[in-house]
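A.B. asks: Residue numbers (my numbering), protein chains in the order written: chain A, 44 to 471; chain B, 44 to 471.
1. Would you mind giving the Cβ-Cβ distance between residue 376(B) and residue 384(B), rounded to the nearest angstrom? I have them listed as a contact below 8 Å.
2. Quick check: what's the CA-CA separation for residue 200(A) versus residue 440(A)?
3. Under 8 Å between the Cβ atoms of residue 236(A) and residue 129(A)?
4. Does the beta-carbon distance from residue 233(B) to residue 197(B) come in below 8 Å?
5. Relative to chain B, which residues along the stretch 398-415 of chain A have a C-beta separation below 9 Å, given in chain order?
6. What first and last residue would you give for the beta strand (DSSP E) that runs through residue 400(B)?
7. Could you tell me which chain B residues have their CB closer than 7 Å to the CB of residue 350(A), listed as they occur along the chain?
8. Under DSSP, the alpha helix (DSSP H) around residue 217(B) begins and ends at which residues?
9. Kindly indicate the opening and closing residues of the beta strand (DSSP E) around residue 318(B).
10. Just the chain B side, please: which residues come within less than 8 Å of residue 289(A) by C-beta, in chain order?
11. Give a yes or no on whether 8 Å exceeds the smallest Cβ distance from residue 46(B) to chain A.
12. Could you list which residues in chain B have their beta carbon closer than 9 Å to that of residue 97(A), in chain order?
13. Can you list, in chain order, the stretches of the alpha helix (DSSP H) that have 4 or more residues and sit fully within the stretch 204-245 of chain A?
14. Would you give the residue range spanned by the beta strand (DSSP E) that residue 435(A) belongs to?
15. Does any residue of chain B bring its CB to less than 8 Å from the CB of residue 183(A)?
16. Is the distance from the Cβ of residue 342(A) to the Cβ of residue 364(A) below 8 Å?
17. Taking residue 219(A) as the reference, which of 273(A), 209(A) and 207(A) has the closest Cα?
18. Residues of chain B with a CB under 7 Å from the CB of residue 293(A): which are they?
19. Less than 8 Å separating the beta-carbons of residue 310(B) and residue 320(B)?
20. If you follow the alpha helix (DSSP H) that residue 292(B) is part of, which residue opens it and which one closes it?
21. With a threshold of 6 Å on Cβ separation, who are the neighbours of residue 446(B) within its own chain once the five nearest residues in sequence on each side are excluded?
22. Determine the direct distance from the alpha carbon of residue 177(B) to that of residue 134(B), and round the result to whole angstroms.
23. So, does the CB of residue 374(A) fall closer than 8 Å to a CB anywhere in chain B?
24. Spell out a yes or no on whether the stretch 394-413 of chain A and the stretch 351-369 of chain A are touching, meaning 3 or more CB-CB pairs, one atom from each, closer than 8 Å.
25. Taking residue 186(B) as the reference, which of 428(A), 409(A), 462(A) and 379(A) has the closest Cα?
26. Going by C-alpha distance, which of 305(B), 322(B), 256(B) and 308(B) is nearest residue 138(B)?
27. What would DSSP say about residue 168(B), mapped onto helix, strand or coil?
28. So, with DSSP's three-state summary, where would you put residue 66(B)?
29. Is the CB of residue 39(A) under 8 Å away from at least one CB in chain B?
30. What separation, rounded to the nearest whole angstrom, lies between the Cα atoms of residue 127(B) and residue 170(B)?
31. Looking only at its chain, what residues have a beta carbon closer than 6 Å to the beta carbon of residue 360(B), apart from the 5 residues adjacent to it on each side?
32. Do residue 381(A) and residue 188(B) have their C-beta atoms closer together than 8 Å?
33. Are any of the Cβ atoms in chain A nearer than 8 Å to that of residue 180(B)?
34. Give the interface partners of residue 393(A) over in chain B, defined as CB-CB distance under 7 Å, in chain order.
35. Using a beta-carbon distance below 8 Å, is residue 85(B) in contact with chain A?
36. Nearest by alpha-carbon distance to residue 163(A): which of 225(A), 240(A), 246(A) and 83(A) is it?
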């Protein structure tokens, strides 16, 4: 025993090995990373944190498990006739990433099929009929052209009678923008479209990807013909929620249950079974979904704050439309303020800029009638988007402005409830 | 009886009267408002909603109570020696408003003393030694000059040995900006500074002002020498929270418990007594508070979104500093994106613009080291503000840039924890 331990001590370890370090004070177990500092062991703990330990403090280093060799199983098209078929669109993000043992950060999987290799359980719930990966991007790099590309692929799958639903894996950064875009682009939706994610890369024991993917698979073959985000309902690994694509927002940088339903209940709770909690459009396999991905990119999303310069609104006059996150019930600085925004907003609207207001509070609904400030802003022609989320409103504005034939009814279209983006039942 | 009812029917009522309307379907009780439409009774319900009823559907209108005559008691300086003294700064907002029965909206009280008239209970908890009203504004019209004015008045009161604490009544729209500003402007704080608000005007039975004001008074004579917002902890009228001025945000347009603690627990729960829930600086009546209200207004608060044009960053180069609400752990579109923001950010920083990043998710902490996108953004010189709130970061940036002698240590100062604006203990 002693001899073997000696051999393992300070030797033969390489980045990626699972190791146990002993210092006078404690024992630390984790994955060894390449350390940027000499004289320091950098360890990725089970919690996901990295910790640096001075080599001189370590009196013993034991290799608990050797670095796993990367084996990429090729994707085999072996369908189980008792299960329903889904198509998987892999767009990138942490869920299609693994830890890079050289930097301690994460990097993309080289092949989308690797994802299935990490989650063999998925095959017991659904047949993954096809894996399509149009690109592999972290979601902060995506834009409306990527939304269109995903939408096009989804339409092909949804209109294929052998496919019962679609799962899209995606980075979390802009996931709720993409879910909004698909909610508007996919008209007459016939089957479930489920976006899912993970906050921890798939090769990590603490990854949240498995529960999310399995719940996503259950929703993808469910009765809800909705665009949904599926993810952890709490920080435990017990169940997931399915959120309506237009009523969900990333509300935490790193927690597993980062996504929250805003201004309505989630559509469903997904444990062993699915419990529906809110209304949804029912599946209709005989229908065909229609792609309507017209989009005008000359839009911006800005935020009102105290002391905001009126020239900022002037600057945005070069755009076709803007969403302003306004104060509370629907206010910006008015004629009692040193910097009155009302005249410049009126001028911009008179010159053709579409300006919509959403609540900066995120939760709740605009009600510009209560205060004179709101009534003043309303008179400029600003469109008050009820309880719509800023990000959803941004995407919807681009979509509405993309339709040239809607030019005379922009306000009407912004306030038409296309995909559950307005919940008229919540409190004013 | 019949005769009397006949007399009351469709007669003698005026806006402001409490009335009961009977239709075939229902009975409706509320305050009669001046209706913009002929042929319609406009009623303010107890819930605060306005409802319109066609006159032709009303078979009976009973006046339950006549409009209350406005009586303004003059403020009497009668101090109870068994109670502690506080000063009250009245800055405006709904809490100093009442329903305008002509529009159904709310308007400001004509004299700040009216506020005390609505809340006689306050006098059983503290002596209101002075009422100072520098201005009466809805908070969306306020800016940094107003913050300075409030701070100056607060300093005078706090450094007066006869005053144990300060209450500031304020509109909700930008309340958390003002609480941040006071948190930075008031150095070596000696006594409590409590901001409070209401979501419903003070003359309404359903007003939340009473509980908030009473809890504010308890905090103002407490041991916590902190700038705090005090308000409803839930939608019931049972208890309040005291939130740290730099760690609180308005998170709902209209609920009583609109303000939420972000990334830390509230400082205290205030029911009958005060239960402290978090750390605070202790009161020290022998200390003198110092005013440090230097402020640079050439700052802006912007938000990253998919497809954001790089020219927007160029535009903001005319400012001294900007806060960007970035995606999740600290990302913007990078070199994998069609519109790469990294070069323009680098250029702006090289030319002297201070750019700081805060999490768009509101909750959680930035951790730019996890992904290459974050590391890329870090290399441009963007300052990552940990778990700081966007609004707090905006105010802090103006304050730090206001100090010319800090010019060479802006990053250090932005990351120095002056007033609890950074909570290093929360999860990355």
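All C-beta atoms, glycine included, are put in the ideal place defined by N, C-alpha and C.
Predicted model, so just to flag it, every value in this text is computed and none were measured.
C.D. replies: Inspection of the coordinates gives the following:
1. If you number the second chain from 1, residue 376(B) lands on position 333. If you number the second chain from 1, residue 384(B) lands on position 341. Their Cβ separation, rounded to whole angstroms, is 5 Å, which keeps residue 376(B) and residue 384(B) in contact under 8 Å.
2. Locating residue 200(A) in the first chain gives position 157, where the first residue counts as 1. Locating residue 440(A) in the first chain gives position 397, where the first residue counts as 1. Using only the alpha carbons, I get a separation of about 27 Å.
3. As a first step, residue 236(A) is located in the first chain; it is residue number 193 there, counting from the start. As a first step, residue 129(A) is located in the first chain; it is residue number 86 there, counting from the start. Their beta carbons are not under 8 Å apart, which means residue 236(A) does not touch residue 129(A) by this criterion.
4. Here residue 233(B) is taken as the residue at index 190 of the second chain, counted from 1. Here residue 197(B) is taken as the residue at index 154 of the second chain, counted from 1. Cβ atoms of residue 233(B) and residue 197(B): not closer than 8 Å.
5. 402, 403, 404, 405, 406, 407, 408, 409, 410, 412, 413, 414 and 415
6. Here residue 400(B) is taken as the residue at index 357 of the second chain, counted from 1. Note, residue 400(B): beta strand (DSSP E), 397-402.
7. By 1-based counting over the first chain, the position of residue 350(A) is 307. Those within 7 Å of residue 350(A) in chain B are 186, 187 and 340.
8. On the second chain, position 174 is the one that residue 217(B) refers to. No alpha helix (DSSP H) contains residue 217(B), which DSSP labels as neither H nor E.
9. Counted from its first residue, the second chain places residue 318(B) at position 275. It spans 317-319 - the beta strand (DSSP E) in which residue 318(B) sits, taken as one unbroken run.
10. Residue mapping note: residue 289(A) aligns to position 246 of the first chain, counting from 1. Result: empty, since nearest Cβ-Cβ is about 16 Å, beyond 8 Å.
11. Numbered from 1 along the second chain, position 3 holds the residue referred to as residue 46(B). Bear in mind that the predicted position of residue 46(B) carries a pLDDT of just 40, short of 50, making it too unreliable to give a figure here.
12. The sequence position of residue 97(A) within the first chain is 54, counting from 1. Those within 9 Å of residue 97(A) in chain B number zero; the least Cβ separation is about 20 Å.
13. 218-228
14. Start at 1 with the first residue of the first chain, and residue 435(A) comes out as number 392. Here residue 435(A) belongs to no beta strand (DSSP E); instead the alpha helix (DSSP H) covers 433-445.
15. For this step, residue 183(A) is matched to residue 140 along the first chain. At least one chain B Cβ lies under 8 Å of residue 183(A).
16. As a position in the first chain, residue 342(A) is number 299, starting the count at 1. As a position in the first chain, residue 364(A) is number 321, starting the count at 1. Taking 8 Å as the Cβ cut-off, residue 342(A) and residue 364(A) qualify as a contacting pair.
17. The sequence position of residue 219(A) within the first chain is 176, counting from 1. The residue with the shortest Cα to Cα distance from residue 219(A) is 273(A).
18. Against the first chain, residue 293(A) aligns to sequence position 250. Ordered by position in chain B, the residues that pass the 7 Å Cβ test against residue 293(A) are 371 and 404.
19. Walking along the second chain from the start, residue 310(B) turns up at place 267. Walking along the second chain from the start, residue 320(B) turns up at place 277. Yes, these two residues count as a Cβ contact at 8 Å.
20. Reading the second chain from its first residue, position 249 is the one you call residue 292(B). Residue 292(B) -> not in any alpha helix (DSSP H); beta strand (DSSP E) instead, spanning 291-293.
21. Here residue 446(B) corresponds to residue number 403 of the second chain, with the count starting at 1. Result list for residue 446(B): 337, in chain order.
22. Sequence index remark: in the second chain, residue 134(B) carries index 91 (1-based). Sequence index remark: in the second chain, residue 177(B) carries index 134 (1-based). About 7 Å.
23. To locate residue 374(A), count along the first chain from 1; it is residue 331. Closer than 8 Å: yes.
24. yes
25. As a working mapping, residue 186(B) is identified with position 143 in the second chain. When each option's Cα is compared against that of residue 186(B), the closest is 379(A).
26. Residue 138(B) sits at position 95 when you count from the first residue of the second chain. Selected option, being the one with the closest Cα: 256(B).
27. Along the second chain, read from residue 1 onward, the residue named residue 168(B) stands at position 125. Looking at residue 168(B) - three-state DSSP - the assignment turns out to be coil, as it is neither helix nor strand.
28. Taking the second chain and counting its residues from 1, one reaches residue 66(B) at position 23. Of the three classes helix, strand and coil, the one that applies to residue 66(B) here is strand, per DSSP.
29. No statement about residue 39(A) is possible, as the shown extent of chain A runs from 44 to 471 and does not include it.
30. Here residue 127(B) refers to the residue found at position 84 when the second chain is read from its first residue. Here residue 170(B) refers to the residue found at position 127 when the second chain is read from its first residue. Their Cα atoms are separated by approximately 6 Å.
31. Along the second chain, read from residue 1 onward, the residue named residue 360(B) stands at position 317. Here the set comprises 391 and 396.
32. Numbered from 1 along the first chain, position 338 holds the residue referred to as residue 381(A). Numbered from 1 along the second chain, position 145 holds the residue referred to as residue 188(B). Yes, these two residues count as a Cβ contact at 8 Å.
33. Looking up residue 180(B) in the second chain gives position 137. For residue 180(B), the answer is yes, since a Cβ of chain A falls inside 8 Å of its Cβ.
34. Translated into positions along the first chain, residue 393(A) becomes position 350. Within 7 Å Cβ-Cβ: nothing; residue 393(A) doesn't reach chain B, min ~22 Å.
35. If you number the second chain from 1, residue 85(B) lands on position 42. No, no contact with chain A.
36. Translated into the one-based positions of the first chain, residue 163(A) becomes position 120. The option with the nearest alpha carbon to residue 163(A) is 246(A).
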